[in-house]
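To keep things clear, I will list the structure first and then write my remarks on it.
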Amino acid sequence: MDPILEHKLLTTRRHLLGSMAGGIGAIAMHDLLGATSGAPAPSLAADPMAAKQPPLPAKAKRMIVIHLTGSPPHLDLYDHKPELTKRDGQDCPAETIAGKKFAFTSGTPKLLGTRRQWVRCGESGMELSDAIPNLHRVADKLCLVRSMFTDQFNHAPAELMVYTGSPRAGRPSLGSWATYGLGTENANLPGFVVLISSGVQPNGGTSSFGSGFLPSVYQGVQCRSKGDPVLYVSDPPGMSRVMRRKSLDALKDLNELQARELGNPETVTRIAQYELAYRMQASVPDVMDIAKEPQQVLDAYGAKPGEASLANNCLLARRLVEDGVRFVHLFDWGWDFHGTGPQEDIRDGLTKKAATFDKPAAALIEDLEQRGLLEDTLVLCTGEFGRTPFREGRTASGGILGRDHYPDCYSVWMAGGGVKPGYVHGASDDLGFKVAHDMVHIHDLQATILHLLGFDHTKLTYRFQGRDFRLTDVHGHVVKAMLT
Amino acid sequence: MRHFVWFALAVSGWSSAVITTAAAEPVPSYTRDIRGLLSNRCVRCHGPDGEDRHGGGDDGLRLDTFAGATADLGGHAAIVPGKPDASEVIARITSTDPDLVMPPPEAGQRLTDKDVELLRRWIAAGAAYEPHWAYVPPRRPAGPAVKNTAWPKNDVDRFILKRLEAEGLAPQPETDRVTLARRLALDLTGLPLSLAEIDAFAADPAADAVEKLVDRLLADAGYGEHMARQWLDLARYADSAGYADDPPRTIWGWRDWVVRAFDVNMPFDQFTIRQLAGDLLPDATLDDRVATAFHRNTLTNNEGGTIDEEFRTVAVIDRVNTTMSTWMGTTMACAQCHDHKYDPLSQKEYFQLYAILNNTADADRRDEAPTVRIPWEPIDTQRSKIEEGIAAIEAGIPELKKPTPKDRTEPPEFQPARKIIDELRKKLAATPTVTVPVLEELAGDKRRVTKIQLRGNWQNLGDEVREGVPEVFNDVALSEGAQVDRLALAKWLVDPANPLTARVVVNRIWERFFGIGIVSTSEEFGSQGELPSHPELLDWLACELIDSGWDLKALQRLIVTSAAYRQTSKCPPDLVARDPENRLIACGPRVRLSAEVIRDQALAAAGLLSHKKGGPSVHPPQPNVGLRAAFGGGIDWQTSTGEDRYRRAIYTTWRRSNPYPSMATFDAPSREVCTIRRPRTNTPLQALVTMNDPAYVEAAQALARRMVREGGSTAADRAIHGFRLVLARHPVAAEVDRLVKLQAEARADYAVAPVDAKQMATDPLGPVPADLVIDLADLAAWTVVANVILNLDETFMCP
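Residue numbers (the working numbering), protein chains in the order written: chain F, 530 to 1013; chain G, 2 to 800.
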């Protein structure tokens, strides 16, 4: 690891330890309880966000998810099907659609071959389309899965499936499981940060990054590059930092009087939370200010300070994980390529949309690597499902080429954090309707992610309503072939 | 027989569920010692789920029943009563052979030596199984004898004290009157009392001063709203339909029904029957039909390309789960896909309940049909005015009753009137009547047939099932011969013989007052739930509730007038260390307030709170984030004006995909599913809300103005007044000094920063009224002080 980064991480860890365990909390606790009664002071290790070692050796210490909301046309980005191109415009073979329901297509749709050019990239020779030229550079770092499948074909349930393991709201999300299991390295920042670009929320609303039945301390905290970077992090108008400090000093004195009077550990915790909030007020705006980055870094990502773009969010993701944030979840809207408008055409529309994604995504991977972070940072890029090998029903007679939702076979990629680089896992069949071999279900992907983070997915559980719940429900197998 | 066993258990006092200091009994009790052990370690594979039962003979080995555990397995048996050494169970759990040892190393943890010893002693004593305590109807135990006969104020106290005396502990003294007043007011109404009322109560020499205050609070206009809060969590009430686009839903008429029902103290059995089956009552009133919106709070998926039947099915499943969680503390969800792993609830029984709820007309439609129109004065008046206008014009020119003719041959003199009437009609269309989605039973050939959904998949159907309730509760009679419908189900839930409903209800109420239920897992009373800390008290309260005619106010009066509730929450450190969750109730409760109460309290102390009841949900200030919902509209809103900006939190618009952020930070759920119990976290993000959220800054500004206006002329008096407006009690000298010192420091700083001073004192509350004579630096400094008071730990706690 880069020695400067090592130092930075250690400082934040020490800061955390100093402030939480050995600092104000422990001293006040000792004063209040230890000295008067001889009873053991309740441990502040009970801080639910304290960094924890996972039970198994972990390849990934932190994670970044890039979610392309709406689901990109994987057959025009990651999975080249020459046979589909050859049979473009023909009716779908009966066996490919028999008994299946699609969101916006009925009858016998026409096969739709890709219009993209394809390039074999890097030493691995991974075949990627010309819509994502920047990702060609990092193909040898990618672990591309061409054999994903899911059970859901409507956006909201499918997205909840990817991140909570269930198509219904109410379960904890991947990031909350990760922070529940691992805590976070930097107490002055939220442990699980969510960044949204292109102006629209995730399909599942806040449930896509919610904590479900886990304590709400594990829910994703939405950060913004415009306005308050975290809701309410700015002092009110007319309250200077000096004044905030003075008022917090008074608050602390008064709360300590109360703690002394009642001896309730909750009061001591609250004192610590206010001090933490005070530090967060400085550290959050600091880490969220990408104007602090050198121009060549901004250029590499295509980031422009003040925008709410995926480019900015990719750069922010790197800044956040570098500062010890455990889990960063990006959501970018606008990937629902039905063909209902020119921006949803798999030709020009995709070229334009992909340009906002592949440059920062490639830059993120390279930047992480240069900083020595890629080896223990897992990056996942996915939608909530794939898109059909045929033209979407409603738009089939128009001039715009689009695809319908498709759950049975699609592609996602990962990088860093213990996944095999320059590796393609599984394959679709000739026309892209079915997985040809090495099927990976959503729950298998989740099991594999948790494995990389140091957990047996069957053992990372939380007791709720009398049952030990887990991200993978009662399913999931670690896909060993993807691991380094 | 069942009852007898239960009674024997109750009087033998197996109540050491949590904190045991007494020596272990020589013979382990199945309920206390063995059931949980088997349930957690063995029953998942050797339990009720016949499809997935391992070991033993053809049907697999069952360890959750005596018959199963002692069945002949060909010359040996898992459990041989009286003979631990002949019992295969003991051999397996102690085996060192990885192929033989149970549980298998990959499946679960080895049993500890202590566990093995318990099982051994239990088998040696005859391996007596007992029915699960919560499945046996409660019987009213007598108030137990206690040594300290002076302390108990009612029977609640006798049960608490009996346990304390067994633990060698004494209760804490009664808290002071002022603290008690704040506790009672926040617990019963969610609002602070006025200082005048607090002082009058503190000075009231009457022997029944507490009872009088309790009665006054139970009759308070704020009571129903406060009670409704938790019910809305259970009912997953929200003002939006859910899923991606999460469009608005008009269902507040049901929320108001709930508030009214609590206010008039509708007996809980009636409350139940009306919400589950009000439409099926003979001569159902409009109100009865509105009540059924309880189960119309399920999500509808309006995303393009969804199959309505799929999401209708999802809603019915949610109704089954919510009904069983809310009334019976029973998690049925497992049995949707397979027989329950731990409790005797089969998949077939799941779909028998499903069948009862599967025949309502709603079907995941965007228009929320069926709905009923409810009166809503402001809209109705507006509409009738428009309608009158239209009628008047039509009376003058009858031709205008018809739309403009296609050929445009209308006489030109009609045109001005035509223009007006068209406008009016447009306005009428834009002023829709208020509706509430309701349950409506399908009749005749429209009725749906219910089939078991294999592995919980709605398209993969098995055998047809008829309406019914789980057999494990078959001591409770479903009305004989009558149709098994929602009405029968509702009556069954509140049948006095139903073992769970009353226990579940009193436990939730206890939990609200003490922070933790007598059964700590208030969402789960099955074999995977925790045992009650005071089982006899739980049963006594349950019987009391039933015998009182399901009188919720009486039940709460009983609890909050008890000596147990009135104890000081100042808890000696050794007691905190011994019983950190206060399960023994050896001192008074100190519980963090809910998100709603924290906000309402701040607004009330500031004098901003509106007490207006009911009506459409409102938009208090929330930060604009400039995002849209997926496939939906913007999530920002136009802040309500006038008093609607300051309504009680229960009236805040609840959009599921975007819960009101400051309340979500204080653990309010998204209301997508039934929430039985909110967690109570303590986080830095909460500190940011109450320090910086403009709603709280505004409250601090208004509180500061009250301090100046009403508090007196000295700084100390003003500080005391502000402190008391929030916390009721008089601050001690050190507290007053610290607040005054802060005010002086801040005033000095603001004196040289006039722009800051003006913002701090007026943004967003607005200009200082002319009659309040104070310079802005001074007022800004008081605002800083008020902000501190609103952030004290004590402010967030029910004292």
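Each residue gets a CB set at the ideal place from its N, CA and C atoms; glycine is no exception.
DSSP has Asp158 of chain G in a bridge; who is on the other side? DSSP lists no partner for Asp158 of chain G.
Quick one: is Tyr935 of chain F near chain G, going by C-beta distance under 8 Å? no
Complete alpha helix (DSSP H) runs within the segment 856 to 937 of chain F (minimum length 4 residues, chain order): 877 to 899
According to DSSP, residues forming a beta bridge with Asp620 of chain F: F:Lys639
Let me make sure I understand the geometry here. Which of F:Ala976, F:Leu845, F:Pro766 and F:Gly915 has the alpha-carbon closest to that of Asp896 of chain F? F:Leu845
Can you check which of these residues, G:Ala129, G:Leu793 and G:Gly109, is closest to Leu786 of chain F by C-alpha distance? G:Leu793
Mind checking the segment 496 to 529 of chain G against chain F and listing, in chain order, the residues whose C-beta falls within less than 8 Å of any C-beta there? Thr522, Glu524, Glu525, Gly527, Ser528 and Gln529
Endpoints, alpha helix (DSSP H) assigned at Ile274 of chain G: Phe269 to Ala278
With a floor of 4 residues, list each alpha helix (DSSP H) that falls wholly inside the segment 469 to 502 of chain G, ordered by position along the chain. 487 to 494
Can you tell me which of the three DSSP states Asp764 of chain F falls into? coil
Can Asn303 of chain G and Arg367 of chain G be called in contact, C-beta distance under 8 Å? yes
Simplified DSSP assignment, three categories, for Met968 of chain F: coil
Leaving out the 5 sequence neighbours to the left and right, which residues in its chain are closer than 8 Å to Arg313 of chain G when beta-carbon positions are compared? Asp363, Ala364 and Asp365
Would a check of beta-carbon distances place Leu793 of chain G closer than 8 Å to chain F? yes
What are the boundary residues of the alpha helix (DSSP H) that includes Ser812 of chain F? Pro794 to Met817
Which stretch, first to last residue, makes up the alpha helix (DSSP H) that contains Lys554 of chain G? Leu553 to Val561
In terms of alpha-carbon separation, which member of G:Pro49, G:Lys742 and G:Pro104 lies closest to Ala717 of chain G? G:Lys742
Classify His684 of chain F: buried if its beta carbon has 16 or more other beta carbons within 10 angstroms, exposed otherwise. buried
Between Ala25 of chain G and the rest of its own chain, which residues show a CB-CB distance below 7 Å, the 5 nearest in sequence each way excluded? Note that Ala25 of chain G scores 47 on pLDDT, short of 50, meaning its location in the model is unreliable; the coordinates nonetheless yield the value given after this. Contacts found: none.
Cβ of Ile775 of chain G less than 8 Å from any chain F Cβ? no
Should the segment 912 to 919 of chain F be regarded as contacting the segment 669 to 681 of chain F, the criterion being three or more beta carbon pairs within less than 8 Å? yes
Cβ-based contacts, 8 Å cut-off: residues of the segment 657 to 675 of chain G near chain A: Within the model displayed, chain A is absent; protein chains F and G are what it includes.
Under 8 Å, with one C-beta from each stretch per pair, do the segment 643 to 653 of chain F and the segment 932 to 940 of chain F reach the 3-pair mark? no
CB contact below 8 Å: Pro794 of chain F versus chain G: yes
What residues in its chain sit with their C-beta under 7 Å from that of Ala557 of chain F, if we drop five residues either side in the sequence? Caution applies to Ala557 of chain F, whose pLDDT of 37 falls short of 50 and renders its modelled position unreliable; the value that the coordinates give is listed next. Closer than 7 Å at the Cβ level, and outside the excluded window around Ala557 of chain F, lie Glu785, Ala788, Val797 and Ile800.
Thr436 of chain G: first and last residue of the uninterrupted beta strand (DSSP E) it sits in: Val435 to Pro438
The beta strand (DSSP E) spanning Thr372 of chain G covers which residue range? Thr372 to Ile375
Rounded to whole angstroms, what's the CA-CA distance from Ala703 of chain G to Asn266 of chain G? Just pull it up for me. 35 Å
Which of helix, strand or coil does DSSP assign to Trp459 of chain G? coil
Residues from the segment 569 to 585 of chain G in contact with chain F, defined by Cβ distance under 8 Å: Ser570, Lys571, Cys572, Pro573, Pro574, Asp575, Val577, Ala578 and Pro581
How many angstroms separate the CA atom of Tyr661 of chain G from the CA atom of Asn793 of chain F? 30 Å
DSSP state of Asp738 of chain G mapped onto helix, strand, coil: helix
To be precise: take each residue of the segment 695 to 707 of chain G, compare its Cβ to all Cβ atoms of chain F, and keep it if any distance is under 8 Å. Which residues remain? Pro695 and Val698
For Ala830 of chain G, which of G:Ala207, G:Ala182 and G:Thr190 has the nearest alpha-carbon? Since the displayed chain G opens at 2 and closes at 800, residue 830 of chain G lies outside it and no answer follows.
Counting C-beta neighbours from all protein chains within 10 Å, is the total for Ala229 of chain G 16 or more, i.e. buried, or is it exposed? buried
Taking the straight line between their C-alpha atoms, what separation do you get for His603 of chain F and Ser658 of chain F? 10 Å
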